[in-house]
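Colleague: Those protein sequence lines, which keep their order, are chains A and B. Heads up: the first sequence is residues 266 to 627, going by the numbering used here. Heads up: the second sequence is residues 266 to 627, going by the numbering used here. Built from N, CA and C at the ideal position, the CB exists for glycine as well. Computed from a prediction, not measured in an experiment: that's the story for all the values here. Before I ask anything, let me first share the structure, which is written out below as structure tokens.
Number of protein chains: 2
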Amino acid sequence: MKANRIYNFNPGPAALPLAVLEEIQENFLDFSGSGMSVTEISHRSKHFDDVINDAVARTKRLLGLDDRFHVLFLQGGASMQFAMIPMNFLAGKSSADYVDTGTWSSKAVKEAEIQGKAINVVASSADRNYSYIPHNIKFNEDAVFVHITSNNTIKGTGWAELPDTKGVPIICDMSSDIMSKPMDTQKFGLFYAGAQKNVGPAGVCLVVIRQDMLDLVPDSVPTMLRYDTYAAKNSLYNTPPCFAIYTVDLVLKWLEETVGGLDKMAALNQKKAALLYEFMDAGDFYRATAEPDSRSLMNITFRLPDEGLEQQFVQLAQQQGLAGLKGHRSVGGCRASLYNAVALEAVESLIDFMKTFETDNG
Amino acid sequence: MKANRIYNFNPGPAALPLAVLEEIQENFLDFSGSGMSVTEISHRSKHFDDVINDAVARTKRLLGLDDRFHVLFLQGGASMQFAMIPMNFLAGKSSADYVDTGTWSSKAVKEAEIQGKAINVVASSADRNYSYIPHNIKFNEDAVFVHITSNNTIKGTGWAELPDTKGVPIICDMSSDIMSKPMDTQKFGLFYAGAQKNVGPAGVCLVVIRQDMLDLVPDSVPTMLRYDTYAAKNSLYNTPPCFAIYTVDLVLKWLEETVGGLDKMAALNQKKAALLYEFMDAGDFYRATAEPDSRSLMNITFRLPDEGLEQQFVQLAQQQGLAGLKGHRSVGGCRASLYNAVALEAVESLIDFMKTFETDNG
Chain A
266 MKANRIYNFN PGPAALPLAV LEEIQENFLD FSGSGMSVTE ISHRSKHFDD
316 VINDAVARTK RLLGLDDRFH VLFLQGGASM QFAMIPMNFL AGKSSADYVD
366 TGTWSSKAVK EAEIQGKAIN VVASSADRNY SYIPHNIKFN EDAVFVHITS
416 NNTIKGTGWA ELPDTKGVPI ICDMSSDIMS KPMDTQKFGL FYAGAQKNVG
466 PAGVCLVVIR QDMLDLVPDS VPTMLRYDTY AAKNSLYNTP PCFAIYTVDL
516 VLKWLEETVG GLDKMAALNQ KKAALLYEFM DAGDFYRATA EPDSRSLMNI
566 TFRLPDEGLE QQFVQLAQQQ GLAGLKGHRS VGGCRASLYN AVALEAVESL
616 IDFMKTFETD NG
Chain B
266 MKANRIYNFN PGPAALPLAV LEEIQENFLD FSGSGMSVTE ISHRSKHFDD
316 VINDAVARTK RLLGLDDRFH VLFLQGGASM QFAMIPMNFL AGKSSADYVD
366 TGTWSSKAVK EAEIQGKAIN VVASSADRNY SYIPHNIKFN EDAVFVHITS
416 NNTIKGTGWA ELPDTKGVPI ICDMSSDIMS KPMDTQKFGL FYAGAQKNVG
466 PAGVCLVVIR QDMLDLVPDS VPTMLRYDTY AAKNSLYNTP PCFAIYTVDL
516 VLKWLEETVG GLDKMAALNQ KKAALLYEFM DAGDFYRATA EPDSRSLMNI
566 TFRLPDEGLE QQFVQLAQQQ GLAGLKGHRS VGGCRASLYN AVALEAVESL
616 IDFMKTFETD NG
């Protein structure tokens, strides 16, 4: 670990690759020979065109997207997508199916309801405190889309595989697991991810949308809330969040050129998560909260024997350079977020710490 | 001028104070002893609370805002505000007055119309190509608000003083002149500014809203598009654009502690603009396009004798380290943006260049 840097298990904003941070730092006063900081260059310049075009091209290569898909950069985070999705795709009496797997899924449902849109919550795991992903869901054949959350940051669950929606396009919030593994993009009408977990800093939301979805947008939707605005202008209708997009581009470059693509990233992510789950499963001091077939590889939620110990655990870890292990305030407990930029050595250090803590307090 | 840095007259994103950029660079791998980059810290941490609270406090001190005003940080730029303003404040049959002084004013009007809101364009300077600010406007007494654009980045005009709206609250797009001078905040119901011109990088929009305006927001507005969401949560309902807010905070610190406040900033801005206008007015090679009583101090638009010379001027200036002098693609010509962070020495260098160019081509 580099001097002054700690192991960062934050749920988001989260760890970024050190090489990316160092590249930003080194070039911060003079971007690409422009004589300006990347925060000072024009979004209409060739310099910035190169950045955004590279970020789009890398996203397409990494995810294997065909030409029907647009890669867009929006603002407002995934939370703004919760509002834009029903606004753009549910005109008149058309309806959509939503699967409720936790806090963020529930918020997506709420934003459709606020707008008076017709939606059906076709499955929920609320009955067991969102500790699992529902199976054998019956979807409505006339739904315009099915909305799911691929990884539940707060509850520590994730979809091991996509549901069979019988051809209805899936819209998916991938904020906490995008680019963590390869995926079958053919099933999606749209997917989106607040960048601040796996692909960049806060302040930009990556949206991938299939061309035919753009035909659904009603005329009454304001310009900045329409997906076709961003698709028509390569996300440059107005000034985009340039620095955030630049950082995303560097993270994607790191994924392609240093990690070696999503297959390799997935293998490393599996290894990291397996190490931690297997360590916890082998004893009874630490208890993973997600049901085994629904465990997230990104956000590993767990409890200790009591809340007093959990507090001590989080505090002592922080003192020893392991940060961000507190569970979300709505659920308590502990959580280790093992996003792409969290190195294997960080997980090994965490497990060493957990062993010592158990010995001292078990 | 520091090695490798150029004079930046970009209209936005634009020049930032070098001291701010250097502070970001120096601390980029370890923010405030956290062991993380500012791009990696949690928005729920004390570290980030200190940043956003400092940015709010500095905004209130610099602008002399009383306790009725909330200082908010939103995403989507001023363009998103064009949509949010009618969405939040024009329910049912209530209507608003808009003054059309150029491209951005016109877009604000359009976004209200898309939503089917009742608005009146009570004055426009379209008749003389937006080269002036209308006077003696008759406002509607029952308007919920009057919308104006205090400085017109593209057309190079600005309001020398606020219109008398007979008590109707003014909503003002101040994207290109916020914090450039002190102002009478009592007349405003809301004002807003995309940060990327005078107060920070692209990716955050500063919004100041008076408490009573929050009572107007209808229940049907989605959470992320409601001003009361941001006011209730100190802009932390969801993950905000942390890096952009951090940079804004540093720019505000520079304004308070290095420049010495808005009176001193205004004096310097007046001096910079006067130098350039007086130089141009003294000859007939360069012609300022805004009418004299409506001239912007921030964006100085001008023409040369012909378009060929304008092209040469912009290119040669760029080669000599004077960047961003091309006029907006919709109007042509030239433009020097003299925002807060553009130093007097940059303006003097520009005038030296202009003299030489005139001698060589006049």
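When burial is assigned at 16 or more other CB atoms within 10 Å of the CB, is A/PRO505 buried or exposed?
Modeller: Buried, because 16 or more other Cβ atoms sit within 10 Å of the Cβ of A/PRO505.
Colleague: Along chain B, which residues have their Cβ under 7 Å away from the Cβ of A/GLN461?
Modeller: What A/GLN461 touches in chain B: THR504.
Colleague: Between which two residues does the beta strand (DSSP E) harbouring A/SER360 extend?
Modeller: First-last of the beta strand (DSSP E) with A/SER360: 360 to 365.
Colleague: Between which two residues does the beta strand (DSSP E) holding B/ASP331 run?
Modeller: From DSSP, B/ASP331 is part of no beta strand (DSSP E); its letter is neither H nor E.
Colleague: Identify the continuous alpha helix (DSSP H) that holds B/GLY573 and give its terminal residues.
Modeller: Start and end: 572 to 584.
Colleague: Taking the alpha carbon of B/TRP424 as the point to measure from, which residue in B/PHE410, B/ASP571 and B/TYR395 has its own alpha carbon closest?
Modeller: Closest by alpha carbon: B/TYR395.
Colleague: Is any beta-carbon of chain B found at less than 8 Å from that of A/PHE296?
Modeller: Cβ-Cβ to chain B under 8 Å: no for A/PHE296.
Colleague: Run the proximity test for A/LYS375: is its beta-carbon closer than 7 Å to any non-hydrogen atom belonging to the ligand GTP?
Modeller: No copy of the ligand GTP appears in this structure; indeed no ligand is present at all.
Colleague: Enumerate in chain order the residues of its own chain whose CB-to-CB distance from A/PHE347 is below 6 Å, with the five nearest sequence positions on each side excluded.
Modeller: Closer than 6 Å at Cβ, skipping near neighbours: LYS372, ALA373 and GLU376.
Colleague: Pick from B/ASN605, B/LEU581 and B/HIS593: whose alpha carbon is nearest that of B/THR621?
Modeller: For the residues B/ASN605, B/LEU581 and B/HIS593, the minimum Cα distance to B/THR621 belongs to B/LEU581.
Colleague: Does the CB of B/PHE293 have a neighbour CB from chain A at under 8 Å?
Modeller: Cβ-Cβ to chain A under 8 Å: yes for B/PHE293.
Colleague: State the DSSP-derived secondary structure class of B/LYS591, mapped to helix, strand or coil.
Modeller: Three-state DSSP puts B/LYS591 in a strand.
Colleague: So is B/GLU556 buried or exposed if we call it buried at 16+ other beta carbons inside 10 Å?
Modeller: Counting Cβ neighbours within 10 Å, B/GLU556 comes out exposed, since fewer than 16 surround it.
Colleague: Tell me, please, whether the CB atom of A/ASN564 is closer than 8 Å to any CB atom in chain B?
Modeller: Cβ-Cβ to chain B under 8 Å: no for A/ASN564.
Colleague: Any beta-carbon of chain A closer than 8 Å to the one on B/PRO434?
Modeller: Not closer than 8 Å to any Cβ of chain A, the Cβ of B/PRO434 fails to qualify, so no.
Colleague: Report yes or no: is there a C-beta of chain A within less than 8 Å of the C-beta of B/GLU376?
Modeller: Taking Cβ atoms only, chain A reaches closer than 8 Å to B/GLU376, which makes this a yes.
Colleague: Locate the alpha helix (DSSP H) running through B/THR621, then write down its first and last residues.
Modeller: Unbroken alpha helix (DSSP H) run through B/THR621: 609 to 626.
Colleague: Residues in the same chain with beta-carbon distance under 8 Å from B/GLU343, minus the five sequence neighbours each way, listed in chain order, please.
Modeller: Strictly speaking, residue 343 of chain B in this sequence is Ala, with Glu absent from that position. Here the set comprises TRP369, ASP438, SER440, TYR457, ALA458, GLY459 and CYS470.
Colleague: Between A/VAL473, A/ASN405 and A/PHE508, which has its C-alpha nearest A/ASP429's C-alpha?
Modeller: Cα-wise, what sits closest to A/ASP429 is A/ASN405.
Colleague: Nearest by alpha-carbon distance to B/LEU518: which of B/PHE338, B/PHE567 and B/VAL321 is it?
Modeller: Per the sequence shown, the amino acid found at residue 518 of chain B is Lys instead of Leu. Among B/PHE338, B/PHE567 and B/VAL321, the Cα nearest to that of B/LYS518 is on B/VAL321.
Colleague: With a threshold of 8 Å on Cβ separation, who are the neighbours of A/ASN292 within its own chain once the five nearest residues in sequence on each side are excluded?
Modeller: Around A/ASN292: VAL303.
Colleague: If you follow the alpha helix (DSSP H) that B/PHE347 is in, where does it begin and where does it stop?
Modeller: It spans 342 to 354 - the alpha helix (DSSP H) in which B/PHE347 sits, taken as one unbroken run.
Colleague: Work out the CA separation of B/MET301 and A/ASN463 for me, nearest whole Å.
Modeller: The alpha-carbon atoms of A/ASN463 and B/MET301 are separated by roughly 16 Å.
Colleague: Tell me whether the beta-carbon of A/LEU533 lies closer than 8 Å to the beta-carbon of A/LEU609.
Modeller: Cβ distance < 8 Å, so A/LEU533 and A/LEU609 count as in contact.
Colleague: Considering B/VAL472, what are the terminal residues of the alpha helix (DSSP H) in which it resides?
Modeller: From DSSP, B/VAL472 is part of no alpha helix (DSSP H) but of the beta strand (DSSP E) over 470 to 475.
Colleague: A/MET489 touches chain B at which residues, Cβ-Cβ below 7 Å?
Modeller: What A/MET489 touches in chain B: GLY341, SER344, MET345 and ALA348.
Colleague: Based on the DSSP secondary-structure assignment, which residues constitute the bridge partners of B/ASP449?
Modeller: DSSP lists no partner for B/ASP449.
Colleague: Given that A/ASN269 touches chain B, what residues does it touch there, using C-beta distances under 9 Å?
Modeller: Within 9 Å Cβ-Cβ: LEU294, ASP295, GLY298 and GLY300.
Colleague: Might you give, ordered along the chain, the residues of its own chain that have their beta carbon closer than 8 Å to the beta carbon of A/GLY468, omitting 5 neighbours on each side?
Modeller: Correct list, in chain order: GLN340, ALA460, GLN461, PRO506, PHE508 and ALA509.
Colleague: What number of angstroms, rounded off, separates the C-alpha of B/ASP295 from the C-alpha of B/SER389?
Modeller: Their Cα atoms are separated by approximately 51 Å.
Colleague: Going along chain B, which residues have a C-beta under 8 Å from A/PRO278?
Modeller: Here the neighbours are THR304, GLU305, ILE306, SER307, HIS308, THR504 and CYS507.
Colleague: Any C-beta of chain B sitting closer than 8 Å to the C-beta of A/ALA467?
Modeller: Interface residue, yes.
Colleague: Based on the DSSP secondary-structure assignment, which residues constitute the bridge partners of A/ILE436?
Modeller: Looking at the DSSP assignment, A/ILE436 forms a beta bridge with A/HIS412 and A/LEU455.
Colleague: Establish whether the CB of A/ALA284 and some CB of chain B are separated by less than 8 Å.
Modeller: A/ALA284 does not count as touching chain B.
Colleague: Residues of chain B with CB closer than 8 Å to the CB of A/GLN476, please, in chain order.
Modeller: Residues of chain B passing the Cβ test: none, with the nearest at roughly 23 Å.
Colleague: Tell me, which residues are paired with A/ASN417 by DSSP?
Modeller: A/ASN417 is bridged to A/THR422.
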